[in-house]
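If you read the sequences in order, they're chains A and B.
Last residue of the first sequence: 315 (our numbering), numbering continuous.
Last residue of the second sequence: 315 (our numbering), numbering continuous.
We put the CB at the ideal spot given by N, CA and C, even for glycine.
For clarity, every value in this text was computed on a predicted model and none was experimentally measured.
2 protein chains.
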Amino acid sequence: MSKATKSFQQADLEPRQRLKIGEVSKRSGIGIETLRFYEKSGILSRPARSGNGYRMYDSEVLERLAFIKRAQVLGFSLEEIRQIIAEKDSGESPCAAVREVVRRRLAELDERMAQMRRYRKELSEALAEWERSGDVKGHICGLIEGTHIKNPLTPQRAVRKREGEKRRKQDGKDE
Amino acid sequence: MSKATKSFQQADLEPRQRLKIGEVSKRSGIGIETLRFYEKSGILSRPARSGNGYRMYDSEVLERLAFIKRAQVLGFSLEEIRQIIAEKDSGESPCAAVREVVRRRLAELDERMAQMRRYRKELSEALAEWERSGDVKGHICGLIEGTHIKNPLTPQRAVRKREGEKRRKQDGKDE
DNA sequence: CTTGACTCTGTATTCGACTACAGGGTTTAT
DNA sequence: ATAAACCCTGTAGTCGAATACAGAGTCAAG
């Protein structure tokens, strides 16, 4: 394979750049291992392979990856994302069920945000009260004993961020 | 929360009901195994034991548990909760560092909610557009190709709920 | 005196989403 | 021609927050 690939014109629709996995990783900021993992779990379709067995991604994969990231932020699981994409790839009317999923997720999202707002308010009130009144021992900073806070909470669970403090070897990151 | 509390003259402070683990589980909706797990991970202090070795919880543990749940919803990890509680239990001024934690968490929370709102908006716009224009094949429901959506997203990750579809043996749940 | 409901300890498994590593082939720059 | 820098497969480990399970002791009722 020659390196200067770009001189070839496909006379077709788009750039259709072929990218090796490292390049995709760099551009998407997603990490090689994760890309392979996505492929294994069916969230990315298997890309073409060049003679040596290297994955050759079509550059449109970058949009896929962007979508995946966005969807994740919105609280979609990889499984849901997989379904949405599969639905899409099955040709025809990709949207029927997908819309339902999205609509449901939106509702949940609203509910979740509302709850977060409620608790945020309570927490910040507790914090304020607590900054005013100093550290009264036995009062345990107000909120721990649950003094200011009324409702006991629905079985909603763990809305954490898990944001990456992790040691990531490859960072990539440009555009 | 006052039943027949005052009749007993502990000459002290509170009811001080002693509860076995099953009772605590039922009242808090938290599950026996999880209570033991919390104890092991230092988030609940070891309760008294009665002759037979059974844990005898002081009923104030219920407030602790309520606090833990609230804090979880707000995105505190068990580790953070453990620290807050430890700080408290160490007597003196429990609040110094804790307030910092809480303040930081509040800021993060705001940021996170803002981002959720942004994406929610984009998603719902995409959904709307998409319901209007039917399923134009190749357009993949608008948003999948990332057509309507501009910004590529910060390294924020996985804000999912993980809400329990799980087979839970004990449900508890009353108040 | 035997059920059955509870409880105990301790270890193992689950789940989602990665991340790491071993052990090897290929490409590219020196 | 040799090392660095990629790439491959496949399996295993991590992390947080639980859950499950095995094997035993305890207790109130029939």
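Counting Cβ pairs, one atom from each stretch, are 3 or more of them under 8 Å apart for the segment 215-229 of chain B and the segment 189-196 of chain B? Flag = no, the segment 215-229 of chain B and the segment 189-196 of chain B do not touch.
Following the continuous beta strand (DSSP E) through A/Pro-195, name the residue where it begins and the one where it ends. Rather than Pro, the amino acid found at residue 195 of chain A in this sequence is Arg. Per DSSP, A/Arg-195 belongs to the beta strand (DSSP E) from 195-198.
Next item on the list: Measure the alpha-carbon distance for A/Arg-158 versus A/Arg-204 and round it to whole angstroms.
Entry: Straight across, the Cα-Cα distance linking A/Arg-158 with A/Arg-204 is about 15 Å.
- prompt: Run through DSSP, which three-state label would B/Leu-214 get?
  reply: B/Leu-214: coil per DSSP, three-state reduction.
DSSP has A/Ala-247 in a bridge; who is on the other side? In DSSP, A/Ala-247 forms no bridge with anything.
Requested in this report: Pull up the distance between the alpha-carbon of B/Thr-294 and that of B/Leu-202, whole angstroms please.
Outcome: Only weak support exists for where B/Thr-294 lies, its pLDDT of 33 falling under 50; the coordinates are left without a value.
- Query: In chain A, which residues lie with their C-beta within 8 Å of the C-beta of B/Arg-156?
  - Reply: The premise fails here: B/Arg-156 is roughly 15 Å from chain A at the closest Cβ pair, so nothing lies under 8 Å.
Checklist entry - So B/Leu-214 packs on A/Leu-214, CB below 8 Å; how close in whole Å? => result That pair is no contact at about 19 Å.
Under 8 Å, Cβ to Cβ, is there at least one residue of chain A near B/Val-242? Among the CB atoms of chain A, one or more fall inside 8 Å of the CB of B/Val-242.
| said: For B/Arg-167, report the span of its alpha helix (DSSP H) as first-last. | reply: Start and end: 161-168.
Review point. Could you give the residue range of the alpha helix (DSSP H) that holds B/Ile-172?
Key: For B/Ile-172, the enclosing alpha helix (DSSP H) begins and ends at 172-180.
**Asked** Is it true that the CB of B/Val-241 sits closer than 8 Å to the CB of B/Glu-219?
**Response** Not in contact: B/Glu-219 and B/Val-241 (Cβ atoms no closer than 8 Å).
| query | DSSP three-state call for B/Arg-158: helix, strand or coil? | reply | DSSP places B/Arg-158 in strand when its eight states are reduced to three.
- Hey, out of B/Arg-245, B/Met-253, B/Ile-183, B/Asp-198, whose CA is closest to B/Arg-167's CA? Among B/Arg-245, B/Met-253, B/Ile-183, B/Asp-198, the Cα nearest to that of B/Arg-167 belongs to B/Asp-198.
Length of the line joining the Cα atoms of A/Arg-258 and A/Glu-251: Approximately 11 Å between the Cα atoms of the pair.
### Message
Between A/Leu-159 and chain B, is the shortest Cβ-Cβ distance under 8 Å, so that the two count as touching?
### Response
Not closer than 8 Å to any Cβ of chain B, the Cβ of A/Leu-159 fails to qualify, so no.
Out of A/Ala-211, A/Arg-210, A/Lys-209, A/Lys-160, which one is the CA nearest neighbour of A/Arg-186? Residue A/Lys-160 is the option with its Cα nearest to A/Arg-186.
Please report the distance separating the alpha-carbon of A/Thr-174 from that of A/Leu-184.
So the two alpha carbons sit approximately 11 Å from each other.
- Are any of the Cβ atoms in chain B nearer than 8 Å to that of A/Ser-264? It does; some Cβ of chain B falls within 8 Å.
Can you tell me whether B/Lys-209 is buried or exposed? The criterion is at least 16 other CB atoms within 10 Å of its CB, across all chains shown. Result: buried.
For B/Ala-206, tell me which candidate among B/Ser-181, B/Lys-180, B/Gln-223, B/Ser-165 has the shortest Cα-Cα distance. Of the listed residues, the one whose Cα sits closest to B/Ala-206 is B/Ser-165.
Using 8 Å as the threshold, is the C-beta distance between B/Lys-245 and B/Phe-216 below it? Just to set this straight, residue 245 of chain B is Arg in the shown sequence, not Lys. In this structure, B/Phe-216 lies closer than 8 Å to B/Arg-245 by Cβ.
My output table needs one value for B/Arg-258: the three-state DSSP class, helix, strand or coil. Taken through DSSP and simplified to helix, strand or coil, B/Arg-258 comes out as helix.
DSSP three-state assignment for A/Arg-204, whether helix, strand or coil: Residue state, collapsed to three classes: helix.
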